[in-house]
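This report refers to the structure that appears directly beneath it.
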Amino acid sequence: MEIDFRTRVEIETLTEVLDELDYYKIMKLKGGAPVPDVEKAYAAQSKNFHPDRFFGVRDPKFTKAVNAIFKKLNEAYQVLKDPDLKKMYDKKMGFRDAAGKKKTGGGDRKSRPSIDKEGLEQEQGYLDADEVVTDKKAKKYWDLAQIAEMNEDWNGVVMNLQFALNYEQGNPVLKSKLETAKVYLADKKKKNKNPYKIKIV
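Under the numbering used here, the first residue of the sequence shown carries the number 2, and numbering increases by one thereafter.
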């Protein structure tokens, strides 16, 4: 399959600046555009950049570029179609809503790093926990757990979440966070394990 010159240039240009494009720009939308506009833009852009459109192209570099664009396009849609994630994204990136009102706390968007879907979902999890952790002592340990996670101190995360659960034993969010932290801790221990270490009895 032959690729026309205009399409090739567009794909190559997009790939070069892909990491710099926010979720609205990848859909060719104005920042803060409403969900209906997002859905229409996604329908159009996903058609333009769907890998199936270029099936048969024998150019690995070009195929990789198309897949990267389509992946980011889908990630953008997953965030912007979700009201909660979209609200968080708009606020962090400093976009204005449909009424032209700037989201609070946005700051200078040019000086901010791009925010991905995983980061937003993780932060949404923190917000959920903040809403359901009501005991003052439990909240104290929850805050310490968040600080420990920022430092990738999974021992500290597990320990503080366990302390928090002593005061709110039935808290489902804390339980879920603890299980996740234990997985990260186990993975960290596995990576740091020295296969040549001599065990002294």
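All residues carry an ideal CB built from backbone N, CA and C; glycine is no exception.
In this structure the segment 88-96 does not lie against the segment 62-75, because fewer than three pairs of beta carbons, one per stretch, are closer than 8 Å. Of the candidates K88, E21, V80, I12, I12 places its Cα closest to the Cα of P52. V36 and K48 have their C-alpha atoms roughly 18 Å apart. Counting along the chain, I4 sits inside no alpha helix (DSSP H), nor does DSSP assign it H or E at all. DSSP places K191 in the helix class (H, G or I) of the three-state scheme.
Between the beta-carbon of A69 and that of I27 there is about 11 Å, and that puts the pair past the 8 Å contact cut. Here A42 carries a helix assignment [DSSP, helix/strand/coil].
Within the same chain, Cβ atoms closer than 8 Å to the Cβ of L162 are found at Y142, W143, A146, L175, K178, L179, A182, the five residues on either side in sequence being excluded. Nearest to I4 by alpha-carbon distance, out of G171, Y90, F50, is F50. Around the beta carbon of M89, 16 or more other beta carbons lie within 10 angstroms, which makes this residue buried. The C-alpha of F164 is placed about 10 Å away from the C-alpha of V158. As the crow flies, the alpha-carbon of E169 is around 7 Å from that of A139. Here N172 is buried. Its C-beta has 16 or more other C-beta atoms within 10 Å.
In this structure, V39 keeps its C-beta atom at 8 Å or more from the C-beta atom of L74. Separation of the CB atoms of K29 and Q46 is rounded to 7 Å, and the pair is thereby assigned contact status at 8 Å.
Under a 10 Å Cβ-count criterion, E17 is classified as exposed, with fewer than 16 other Cβ atoms of the shown protein chains found around its own Cβ.
Taken atom to atom, the span from the alpha-carbon of M151 to that of E21 is near 24 Å.
Rounded to whole angstroms, L86 and A44 show a C-alpha spacing of 20 Å. Annotation for A42: M28, K29, L30 place their beta carbon closer than 7 Å to its own, counting only its chain and skipping 5 residues before and after. Under the DSSP assignment, N156 falls in the alpha helix (DSSP H) whose first and last residues are 155-168. The shortest CA-to-CA distance from D91 to any of Y25, R59, I148 is the one to Y25.
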